[in-house]
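Novice: Input: one structure, supplied below.
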Amino acid sequence: MLIPLYDHNPVDKIPIVTYVIIGLNVLVWLFIQHAGFGEGYQASLCNLALIPGDLLNNSEFAGSQMRNGYVCYFGEPHNFETLITHMFMHGGWLHLIGNMWFLWIFGDNIENALGKVKFILFYLLCGVVAAGFQIVSDMNSLIPMVGASGAVSGVMGAYILLHPRARIKSLLFFVIFITVIEVPAVIILGMYIATQVFSVVMLADGPVAFWAHVGGFACGALIIKLLKPKETTFKLRIDR
Numbered sequence: 006m007l008i009p010l011y012d013h014n015p016v017d018k019i020p021i022v023t024y025v026i027i028g029l030n031v032l033v034w035l036f037i038q039h040a041g042f043g044e045g046y047q048a049s050l051c052n053l054a055l056i057p058g059d060l061l062n063n064s065e066f067a068g069s070q071m072r073n074g075y076v077c078y079f080g081e082p083h084n085f086e087t088l089i090t091h092m093f094m095h096g097g098w099l100h101l102i103g104n105m106w107f108l109w110i111f112g113d114n115i116e117n118a119l120g121k122v123k124f125i126l127f128y129l130l131c132g133v134v135a136a137g138f139q140i141v142s143d144m145n146s147l148i149p150m151v152g153a154s155g156a157v158s159g160v161m162g163a164y165i166l167l168h169p170r171a172r173i174k175s176l177l178f179f180v181i182f183i184t185v186i187e188v189p190a191v192i193i194l195g196m197y198i199a200t201q202v203f204s205v206v207m208l209a210d211g212p213v214a215f216w217a218h219v220g221g222f223a224c225g226a227l228i229i230k231l232l233k234p235k236e237t238t239f240k241l242r243i244d245r
């Protein structure tokens, strides 16, 4: 198993938007989701998480049983704002740290390539498209969907096209053997998306939104392909 630690891919501007997004996710987890504790956390899932069956009014029940006996009750309005709010929420500390770690590693270079405003739009669009993939996979689901992983997958999809040869310092686990190695981004990110596609096929009914990861990654790769500036070749003509 490979865990990326950081990349050797400098930027020429401070990635302010990336840092702000990371900060917002942490603040939401601590003060809106109450760091995963109590009824405040349960309420945040009911009110701000993306629940496909509720969003599309496809649910056959008035409520959905959560953990610790808490119940989410669904109303008539389409809560379309959850297409955005869900991507700033998380299901646990490891979920939050993992997503923000990957965003910290790969987000600065994509922000540097797109600029601040375009990066914000890029990030949000990848998150929404990722959510759309997950919704289509099960339109009646009453399981709350939370996490930045769809949007972050979009960042990784863009990174693999822009910087496939960038060196990623990674932690390698192999049985009891642990070491630090450098590998090209295309290997790290290629393994990531291959794992997600495999999981879609083999673990489609699991608790992880694998379809969102695949959809976000594809969206990010497509957008950066369309926006990536074409390289210009200058030829020098010498008159003799």
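Residue numbers 6 to 245, in this note's numbering, belong to the letters of the sequence shown in order. Think of the CB as a built atom: it goes at the ideal place given N, C-alpha and C, for glycine as much as any other residue.
Buried or exposed: which applies to D17, given that a residue is buried once 16 or more other Cβ atoms fall within 10 Å of its Cβ?
Specialist: Classification for D17: exposed.
Novice: If you count every other CB in all the chains shown that lies within 10 Å of the CB of E116, and 16 or more means buried, which is it?
Specialist: That one is buried.
Novice: For T1, which beta-bridge partners are listed by DSSP?
Specialist: An answer regarding residue 1 cannot be provided, because it is not within the stretch 6 to 245 covered by the chain.
Novice: When the distance is taken between beta carbons, is M161 closer than 8 Å to Y128?
Specialist: no
Novice: What's the call for V219, buried or exposed, on a 16-neighbour Cβ count within 10 Å?
Specialist: buried
Novice: Pick from I125, A118, I140: whose alpha carbon is nearest that of I26?
Specialist: I125
Novice: Under 8 Å between the Cβ atoms of T200 and D113?
Specialist: no
Novice: Out of Y75, P169, M105, A118, which one is the CA nearest neighbour of E44?
Specialist: Y75
Novice: How would you write the range of the alpha helix (DSSP H) that P57 sits in, first residue to last?
Specialist: 57–60
Novice: Identify, in the order they occur along the chain, each residue of the same chain with its Cβ nearer than 6 Å to the Cβ of C224, setting aside the five sequence neighbours on each side.
Specialist: C131, V134, G159
Novice: If you draw a straight line from the alpha carbon of Y46 to that of W98, how long is it in whole angstroms?
Specialist: 13 Å
Novice: Just grab the DSSP bridge partners of M150 for me.
Specialist: Paired residue(s): L55.
Novice: Going by the CB atoms, is the gap between G155 and M92 shorter than 8 Å?
Specialist: yes
Novice: Less than 8 Å separating the beta-carbons of V33 and M94?
Specialist: yes
Novice: Kindly indicate which three-state DSSP category L7 falls into: helix, strand or coil?
Specialist: strand
Novice: Is the CB-CB distance between P20 and I173 below 8 Å?
Specialist: no
Novice: Measuring CB to CB, does A171 end up less than 8 Å from P189?
Specialist: yes
Novice: Could you tell me which residues DSSP puts in a beta bridge with R172?
Specialist: P189
Novice: State the start and end residues of the unbroken alpha helix (DSSP H) segment that holds L126.
Specialist: Start and end: 121–142.
Novice: Going straight from the alpha carbon of P169 to that of V191, what length do you get?
Specialist: 5 Å
Novice: Less than 6 Å between C-beta atoms, sequence neighbours within five positions excluded: which residues of the same chain meet that for W109?
Specialist: none
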